[in-house]
Amino acid sequence: MPRRGERRTARGLPVMREHRHGADVWVNQTTDALRRVHCICLDCALFKPGTPEHCAKAKRAYRFAVEENMAFMVTACPVWKPKASE
Ligand code: SF4
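The sequence shown runs 16 to 101 under our numbering.
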């Protein structure tokens, strides 16, 4: 049974309407939760938000996401670098 406010995509994926950062957006809550755990940027030595050394690719991806009110997860990158402890 769908939750209140939930819709289904043509392929049956559940999406919910949410208000984020000043915009109404449709959210696949399942993959959105995975994004916060599985994005490989979070385990990359080049990911240093708020510093001058922060990854240029991640910066561009973030800027695009903010400009378009979208969210992405990086699952592949040609220059991912393990953190020193790995
Ligand atoms: S190098 Fe790739 S994986 Fe690492 S922070 Fe940048 S975009 Fe993310």
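Glycine included, each C-beta is placed from N, C-alpha and C at the ideal position.
In this structure residue 79 is exposed. Its beta-carbon is surrounded by fewer than 16 other beta-carbon atoms within 10 angstroms.
Ranked by how close their Cα comes to the Cα of residue 20, the residues 26, 27, 32 have 32 in first place. Counting only residues whose CB is nearer than 7 Å to a non-hydrogen atom of ligand 1, the list in chain order is 55, 56, 59, 61, 62, 70, 72, 73, 76, 89, 92, 94, 95, 96. At a Cβ-Cβ threshold of 8 Å, residue 18 and residue 30 do not count as neighbours. Non-local beta-carbon contacts of residue 63 in its own chain, meaning distances under 8 Å to residues more than five positions away in sequence, involve 69, 70 in chain order.
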